[in-house]
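Visitor: Below are the C-alpha cells for one structure; questions will follow.
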Amino acid sequence: MTKKLSGIVNKDWSLFLDRDGVINVRPLNDYVKSPDEFIFIPEALKAIKILSDIFGKTFVVTNQQGVGLGLMTQTILDEIHQILSTKVTENGGRIDHIYSCTDVKTKVNSCRKPSIEMALKAKDEFPAIDFSKSIIVGDTASDIEFGRNAGMFCVLIGDEETSIEPDLRFDALISFANYLID
Numbered sequence: 001m002t003k004k005l006s007g008i009v010n011k012d013w014s015l016f017l018d019r020d021g022v023i024n025v026r027p028l029n030d031y032v033k034s035p036d037e038f039i040f041i042p043e044a045l046k047a048i049k050i051l052s053d054i055f056g057k058t059f060v061v062t063n064q065q066g067v068g069l070g071l072m073t074q075t076i077l078d079e080i081h082q083i084l085s086t087k088v089t090e091n092g093g094r095i096d097h098i099y100s101c102t103d104v105k106t107k108v109n110s111c112r113k114p115s116i117e118m119a120l121k122a123k124d125e126f127p128a129i130d131f132s133k134s135i136i137v138g139d140t141a142s143d144i145e146f147g148r149n150a151g152m153f154c155v156l157i158g159d160e161e162t163s164i165e166p167d168l169r170f171d172a173l174i175s176f177a178n179y180l181i182d
C-alpha cells in the first residue's frame, strides 16, 4: 500500500538513513574498508541537506560487519563516519547521530538490521522520536524489514526485490528528497 508523504512530513518526524547504497556507493561484493573507498553517491549530499531542512532528526543506521569480520577496525569505521558527518555539515545538512552494528550475520541476538536495536538506541538517546512519524530509507530487504519491525514508513532505493513491499520506491535519495518538496 502506498501512502502519501509530501505535505505531511515536518519537524516532528525523524529520518533513518541506511549508509551503503543510499548515501555512498556500495562496493560490489565487498565493504567500504577505508576512507578512500567511501564515495558519495551523486547528489546524496544535496539530498541530505534538503531532508535535514524537513525532518526534526536525521540518523544513519548501518550494518558494518566488516569490523566484526576483521576487515577493518572500529577506528577506521569511526574515521569514515567522521568524513560522512563533516561532508554533510559542509554541504548544509545534518546527521544527528550515526548508529552502526559491527556484529557478524551469524551472531545470535545481533543488533544488525532487521533487528530494531539501533532504532531503540536512537529512541533512548532522543526520546522525542515517534516511530509512527519516522521513515527508513534503505536499499535492501533488511532495511525495509527493520522499518516494518519498528512501525516506520519504509522507502526503498533501487530495484532490489523484497518480500515486504516498501511504501515508496525511488531510484536515488535525491529523488525521494525532491518528492517531499514537490
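Quick note on the working numbering: the sequence shown kicks off at 1 and runs consecutively.
Quick reminder that beta carbons are idealized off the backbone N, C-alpha and C, glycines included.
As the structure is a prediction and not an experimental result, all values here were calculated from the model.
Which stretch, first to last residue, makes up the beta strand (DSSP E) that contains residue 138?
Guide: Where residue 138 is concerned, the enclosing beta strand (DSSP E) stretches over 134 to 138.
Visitor: Beta-carbon of residue 44 versus every beta-carbon of chain C: anything under 8 Å?
Guide: Note that chain C does not occur in the displayed structure, where there is just one protein chain.
Visitor: Have a look at residue 134 and residue 171 and give me their C-alpha separation to the nearest angstrom.
Guide: Looking at the two C-alpha atoms, the distance is approximately 20 Å.
Visitor: By a C-beta neighbour count over all protein chains shown, 10 Å radius and 16 as the cutoff for buried, is residue 57 buried or exposed?
Guide: Flag for residue 57 reads buried.
Visitor: So, do the stretch 165 to 181 and the stretch 25 to 44 have three or more beta carbon pairs nearer to each other than 8 Å?
Guide: Contact between the stretch 165 to 181 and the stretch 25 to 44 is present, because at least three Cβ pairs lie under 8 Å.
Visitor: Would you call the stretch 146 to 159 and the stretch 73 to 85 in contact, with 3 or more CB pairs under 8 Å?
Guide: These segments do not touch.
Visitor: How many angstroms separate the CA atom of residue 115 from the CA atom of residue 67?
Guide: Answer to the nearest angstrom: the Cα atoms are 18 Å apart.
Visitor: Am I right that residue 39 and residue 24 are in contact with their C-beta atoms under 8 Å? What's the rounded C-beta distance?
Guide: The Cβ separation is near 6 Å, so the contact holds.
Visitor: Once you ignore the five residues that flank residue 168 on each side, which residues in its own chain have a CB closer than 6 Å to its CB?
Guide: These residues qualify, in order along the chain: 155.
Visitor: Decide if residue 125 is buried, meaning its Cβ has at least 16 other Cβ atoms within 10 Å, or exposed.
Guide: Exposed, by the Cβ-count rule.
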